[in-house]
Structure formats: structure tokens, C-alpha cells
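Numbering (this note's numbering), first residue to last: 2 to 426. For every residue, glycine included, the Cβ atom is placed at its ideal position computed from N, Cα and C. Fair warning: this is a prediction, and the values are worked out from it, not measured in the lab. Here the structure is laid out as C-alpha cells; the discussion comes afterwards.
And the structure:
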């Protein structure tokens, strides 16, 4: 039996043209192609303008960058208008991020203000367009070295005064760890700074010390204000304090130490080159002060040949000298005193720990003793002993300081320092 074979139907173009599934897509493709041809042939190029385009200046691998120069100021605030020309189908699809505006810093070789030409560049692979114009066509750019320098800040409290009986002192910087500030900026500006001021407008009469918020101001040597636009300050929030003080004049008295037991300081006659002194300080501290006591003079340094001493004052917190006095000279009146040397062989102990014994065979020769002339004439060697302090001393041999004393008279004293060898068992 013969098998029947089905042959493919004969292709018919006529049937294909009447098939809607074919003709509709074909019509759309044909229409787009015709539109594209018309757009290219009839209106090939169009212009388009973009606004508010920022500029880019790259300093990498330039003389300016390699030598520490920077652009001074914010160039990002400068905006440009760009007009582009090209095929309409290209230009109409462009966005502002597809291109950029730039200026070259390759020619910059010294600090100063430069006028650089502005050009356009393309960010995308699409390049079938051209820059018609960029406005403005140039950009002014300031180049300079950037330095950092430390300055001392001076406080200024304008219009500050004190109530009657008090004093408004020179204002001081407060609210920071120190009265210095670090400023970073263009070298040409940094080199002009002569004065850094913390300014506060007070304009008040004050009865107590008061602190105010202050602003930093910069001035050159002629007192002209310096623009701070391109400067960076380590401190922007500073304060100014106006100290309100009081002053008074009080007597000056000398003080003495290491006096023999029972020896009254009041029995020592002396004179001071400044009998009174003016002090200034907080009203609370000044109201309590009745005199200024000087640093103590060691009586062992006083003799008939050594009686002048330069000493400093002991002042309470919040008080200082108003007068410009570096030191006070105290002269002890030794006209009625005499000096004589003795040999001391008796040693006494204090502060010896329980269970320990101390002995000494020390003989201290040429001990200088000073005192009233009539008393010195009566003194003998056996009237003196050496007192040594053995507090915290353990068993063994020790060389310790010795204080020369007399049981017979309490108005005589040793001149100089002495020591004794002590054995502790």
C-alpha cells in the first residue's frame, strides 16, 4: 500500500500582506523609520541651553598642588550657562550630568588671582554634539599657600564700668583652656593678622565679676578689620570676663621662723623698705585682709653681720599687689646684738621609737650664737645642747640635723646649720 506524503503549502506574498499580524508591526516600523529619516534630513541639528552648571578645577599633578597651594574660597557657588548643538535626537536626550564645565590650573605657578578660560567636557559615550557657548567664558580663581598659625587672644569688653568703690579691671578671655587660638587660611591673610580680639559689647555698670559671650575679630597693624571668610578658627565660641575688684592699703609685717621656744617675734626690731602696700582683689577677699605678711625669715640666718633679707609677700587667694613691687627688703636691727662661738658636746633626742636607745659622742665646735650683747657675755659652753629629731629612724648610725638650744636663755639662737652623728640600738 502506498503512503501519502503531505507537502508544505505554497508561500503566498499576497496572503502575507493581508495578514494583520504582519502588516500592523510592519506599518509601525516603517512609520518610525520615515520619521527618523525626516528628522535627520529635514531638521538635523538643534540648540539647547543648560543653566546652573558648576565648574570643576582639578589640581591633581599640577605645580600648585605639588607646592602646597590651594584654591581660596568656594568656587562651587559660581554657576555657568552652557549651550549645546547637535542632532535633535541626541541633544533632546541630554541631561546636565552628561557633561561638565572645567578650567585648567596647569599654568598656575605662584600665588595670586587668575582668570582662567572655561571649557566643556563630556561624561558619556555619546559625543555627537558640540559646545556652542559657555557663559561666563572665564572664571576668577584665587590661589595661595595655606598656613596654620597660633595667636594670643586679647579680650575687649566695650563699655564695662564698676559701681562706686569698686574697680573694673582689664577683661580676660575665658571659657577656653588657654588664651590662644589657631587660625588656618591663606598665607597672604595670615601674615596680615596683627591682633586677635575677643569682643563683647557690655555697656553696663557692674558690681561683680561677669562673663559675656564674645566674637572673634581680627585686625592688621593699622587697626583695620580683616575679612575672615576664608579662615578656619580653632575656637569660635569664646567668652570674656570682666573682673570687678576692690583695693585697699594695709601695713606690711615681717615674719620669722625657727625661733627658740619662748622667744617672741615681737621682740625683734626690724624695718621694711615698704611699710605699707596697696593690694587689689575680689571684694570678698579684700574685706578680710588687714595686713600683708612677708615670707618667714629663718632666724638662724640672722646675725650681727647678716641682717638684710629680700622676701616676697604671702597673699591670700584672690589678692595681689597693686603696686609694682618685686620684693620687700627687711632689715633686722642688730645694733644691740653680738655673736660668739661655742663648743657643744651635749646631745638630746626626741621622736625616738619605743624599744630603741640612742647615743652620740659628737662634739660640735665653732657653733655661732647670736643674741643680746649683755646675754652673750654671760654664756658658757655647758649652757648649750644639740637637739636632734629621730622620728622614723631605725637602728643604725645616722647623721641628723642639730638645733642648738639653751635652757638658760631663750633669746639667743644659732647662726648657720649643724649636724650630729647618732647611733641607735
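Own chain partners of residue i with C-beta closer than 8 Å, once the 5 adjacent residues on each side are dropped
i: residue 188; result: 112, 145, 146, 147 and 148
i: residue 337; result: 373 and 374
i: residue 8; result: Low confidence applies here, because residue 8 scores a pLDDT of 46, under 50, leaving its location unreliable and the question unanswered by this model.
i: residue 276; result: 252 and 253
i: residue 124; result: 98, 99, 100 and 101
Sub-8 Å separation of residue i and residue j beta-carbons
i: residue 138; j: residue 118; result: yes
i: residue 239; j: residue 199; result: yes
i: residue 295; j: residue 352; result: no
i: residue 190; j: residue 237; result: no
i: residue 348; j: residue 328; result: no
i: residue 140; j: residue 156; result: no
i: residue 410; j: residue 368; result: no
i: residue 183; j: residue 216; result: no
i: residue 86; j: residue 48; result: yes
i: residue 342; j: residue 308; result: no
i: residue 382; j: residue 340; result: no
i: residue 361; j: residue 421; result: yes
i: residue 423; j: residue 401; result: yes
i: residue 293; j: residue 324; result: no
Sequence-distant residues of its chain with Cβ nearer than 7 Å to residue i (five each side left out)
i: residue 64; result: 109 and 110
i: residue 350; result: 359, 389 and 391
i: residue 320; result: 280, 282, 286, 287 and 290
i: residue 177; result: 236 and 239
i: residue 407; result: 384, 385 and 413
i: residue 346; result: 364
Cross-strand partners of residue i (DSSP beta bridge)
i: residue 329; result: 312
i: residue 120; result: 103
i: residue 340; result: 371
i: residue 349; result: 388
Sequence-distant residues of its chain with Cβ nearer than 6 Å to residue i (five each side left out)
i: residue 265; result: none
i: residue 357; result: 425
i: residue 67; result: none
i: residue 258; result: 297 and 299
Whole-angstrom C-beta distance between residue j and residue i, which should lie under 8 Å
i: residue 246; j: residue 282; result: 6 Å
i: residue 344; j: residue 364; result: 7 Å
i: residue 269; j: residue 333; result: 6 Å
i: residue 193; j: residue 221; result: 5 Å
i: residue 201; j: residue 214; result: 7 Å
i: residue 97; j: residue 51; result: 5 Å
- Query: Can at least three beta-carbon pairs, one atom from the segment 90-110 and one from the segment 168-181, be found at a separation below 8 Å?
  - Reply: no
- Task: Answer yes if the segment 296-308 comes into contact with the segment 405-421, meaning at least three C-beta pairs across the two stretches below 8 Å, and no otherwise.
- Result: yes
- Is there contact here, the segment 50-62 with the segment 100-108, by at least three beta-carbon pairs under 8 Å? yes
- Touch check for the segment 204-215 and the segment 255-265: three-plus C-beta pairs under 8 Å? no
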